[in-house]
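See structure below.
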Amino acid sequence: MNTNNTNDRLIIFDTTLRDGEQSPGASMTLDEKVRIAKMLEQMRVDVIEAGFPIASKGDFESVSAVATVIKNSTVCGLARALDKDIERAGEALKSAASARIHTFIATSPIHMKEKLRMQPDDVLAQAIAAVKKARQYTDDVEFSAEDAGRSELDFLCRVVEAAIDAGARTINIPDTVGYNIPHQFGELIKQLIERVPNADKAIFSIHCHNDLGLAVGNSLASVLNGARQVECTINGLGERAGNAALEEVVMAVRTRRDVFSCDTNIDTTFIVPASRLVSSVTGFPVQPNKAIVGKNAFAHESGIHQDGVLKSRETYEIMRAQDVGWSDNKIVLGKHSGRNALKSRLSEIGIILNGEEALNAAFSRFKDVADRKHEIFDEDLIAIASESQSALDHTRYHLVSSWVCSETGEIPRAKVVLNVDGEELTGEAEGGGSVDAVFSAIKKIVKDHGTLELYSVNSITSGTDAQGEVTVRLEKAGRQFYGNGSDPDIVIASAYSYLDALNKLAMNESREHPQHSV
Ligand code: KIV
Ligand code: ZN
């Protein structure tokens, strides 16, 4: 695909699957990454950074899988400025219809001195060599000057010029530690574009972290000063305080066309479904007052506001909820709806099921939920699709059945049957309550269960028959694992959620992890 710079086109580079996954506890399985990548493709994201292939076997396989299935977005793999990283990225991207290698090295005095222990001239030479090496695999090479936001301008200009000469088509300027302030970061981009003699041969990109809550502000200031690629993530997921939120950048530029002289190619109606998908996969809830995708983003509480909106929506709303994918809370399907109706509604909200097996699993789950909950909304469908896909994922533990007895004055008891690597195992236990008893029964089967740090329940829609969405967080050896599960029965939702986190913990144990820190 053509991602060449044009003045009025802003390229959206999504790094949910790479920097987003670097959020503590946000690890995703290969199937989950493919699911998110397909949603991003539907949303017309230009570049999907699918992972860091050298970091682990799991990362390599995920990048390969995403590269194989995605046809309409460029798929990108991250690589340090090292031959072995670039070779691994090139290998992982072999099957991509459009592949990009993103190579980086730090250019700030503190990173060069303390982390790399390298002289600036050696960093420069390594950057050039890395870009040239990456060009052996693809013409689409991006170079990042890590910690550019704290680098010296003269040196940064030299590195950028040399990287472009060596063949980089995109130059990314990261504010790696979220230290910059919008007017200053915008000025940095302006200076680079003015001072680097071959700047017109590359697209300037920014990648901002949110340590001071300024990731989106810094990104937008850079766009105003000539950057034409923004690196961002769904829900602002990412290392530490996160990255710039895709939905905020895209909607700011779209809503304020009077200020920005460019626009993205994003189909914004997929924004809310993508946000829900990422939240349900990672178990990271979206805060209610989060811009664009928070539950309250379009809710009007005060009488004056309600009155105004009823008279004219524009009095208090600057965007239309439907334009970012909020449904009108209409009942979309019911228990008599058929497979085709389910398939087509799911595809309308950006969920593409992978073949007949996935459709069958989703349909059987849909029937099960629709029997217990008569009104099915889009939010329910997203949860149904997520739950049915998890059941098909190549994970270790799957719930076969659960039985709970809870009676006034009696100690709750539970019996759980799990499928563990193809074998059915049963656990029985008592607990302080039904959920506690189910978790204890699961722990009888799964010995490696870490420590439960968080358990929370939310209802997906309203009403007592609403699906409960449960999030749990486990901790083991300083690492966190989030799990998510939904069902109209919150005890079952809890079991799904616990098993989801246990599957992530198990996946982590079986993964090698070398130096995965950027
Ligand atoms: O924050 C950062 O600097 C990065 C680079 C690898 C682009 O994530
Ligand atoms: Zn980053």
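According to the numbering used here, the stretch in the sequence shown is residues 557 to 1074, in order.
Positions of the beta carbon are idealized from the N, C-alpha and C atoms, including for glycine.
Taking residue i as part of the beta strand (DSSP E), name the residues at either end of that continuous run.
| i | result |
| --- | --- |
| Thr1027 | Gly1024 to Lys1032 |
| Ile1097 | Any answer about residue 1097 is impossible in this case: the structure gives the chain only from 557 up to 1074. |
| Ile854 | The sequence given here places Phe at residue 854; Ile does not occur at that position. No beta strand (DSSP E) contains Phe854, which DSSP labels as neither H nor E. |
| Ser618 | Not the beta strand (DSSP E): Ser618 falls in the alpha helix (DSSP H), residues Lys613 to Val625. |
| His861 | From DSSP, His861 is part of no beta strand (DSSP E) but of the alpha helix (DSSP H) over Gly859 to Lys867. |
| Ser579 | Where Ser579 is concerned, there is no enclosing beta strand (DSSP E), given that its DSSP letter is neither H nor E. |
| Ser761 | Ile759 to Cys764 |
Do residue j and residue i have their beta-carbon atoms positioned less than 7 Å apart in this structure?
| i | j | result |
| --- | --- | --- |
| Ser761 | Thr726 | yes |
| Pro829 | Ile905 | yes |
| Lys1000 | Gly983 | yes |
| Val809 | Asp819 | yes |
| Val772 | Val805 | yes |
| Thr585 | Gly839 | no |
| Leu1010 | Leu1061 | no |
| Gly965 | Gly794 | no |
| Ile908 | Lys589 | no |
| Ala939 | Ser1042 | yes |
| Ala797 | Cys788 | no |
| Leu776 | Ile790 | no |
| Ile745 | Ala704 | no |
| Val1013 | Ile1048 | no |
| Thr624 | Ser651 | yes |
| Ile932 | Leu889 | yes |
| Lys891 | Ala918 | no |
| Asn766 | Gly734 | yes |
| His658 | Leu680 | no |
| Ile626 | Glu605 | no |
| Gly881 | Ile822 | no |
| Cys632 | Val601 | no |
| Glu935 | Ile1016 | yes |
| Asp587 | Asp949 | yes |
| Cys764 | Asn754 | no |
| Asn1059 | Thr951 | yes |
| Asp879 | Thr824 | yes |
| Thr663 | Ala701 | yes |
| Phe608 | Arg574 | yes |
Would you mind reading off the limits of the alpha helix (DSSP H) that contains residue i?
| i | result |
| --- | --- |
| Glu986 | Counting along the chain, Glu986 falls outside any alpha helix (DSSP H), though it belongs to the beta strand (DSSP E) covering Glu979 to Glu986. |
| Gly742 | Pro738 to Arg751 |
| Ser835 | Ile827 to Thr838 |
| Ser1042 | Here Ser1042 belongs to no alpha helix (DSSP H); instead the beta strand (DSSP E) covers Arg1035 to Asp1043. |
| Ile567 | Looking at the DSSP string, Ile567 is not in any alpha helix (DSSP H); the run it does join, the beta strand (DSSP E), is Ile567 to Asp570. |
| Val786 | First-last for Val786: Gln785 to Cys788, but that is the beta strand (DSSP E), not the alpha helix (DSSP H). |
| Val806 | Leu802 to Thr811 |
| Gln843 | Run containing Gln843: none; DSSP gives neither H nor E here. |
| Asn1059 | Ile1046 to Glu1065 |
| Gln598 | Leu586 to Gln598 |
| Leu780 | Ala771 to Leu780 |
| Asn896 | Arg895 to Glu904 |
Item to check | Cβ pair count under 8 Å reaching 3, the stretch 681 to 700 against the stretch 715 to 735 | outcome: yes
Item to check | Cβ contact (3+ pairs, closer than 8 Å) linking the stretch 728 to 743 and the stretch 679 to 691 | outcome: no
Checklist entry - For the 8 Å Cβ check, are there 3 or more pairs between the stretch 1050 to 1058 and the stretch 947 to 961? => result yes
Checklist entry - What alpha helix (DSSP H) runs, 4 residues minimum, are completely inside the stretch 919 to 1006? => result 934 to 948 and 990 to 1001
Checklist entry - Which whole runs of the beta strand (DSSP E) in the stretch 686 to 727 are 3 residues long or more, in chain order? => result 697 to 702
Checklist entry - For the stretch 627 to 683, which segments carrying the alpha helix (DSSP H) assignment without a break, of at least 4 residues, lie completely within its bounds, in sequence order? => result 639 to 648
Next on the checklist: Taking 8 Å as the cut-off, does the stretch 858 to 868 touch the stretch 815 to 824 (at least 3 CB pairs, one atom from each stretch)?
Outcome noted: no
Checklist entry - Is the stretch 664 to 672 in contact with the stretch 634 to 646, if contact means three or more CB pairs nearer than 8 Å? => result no
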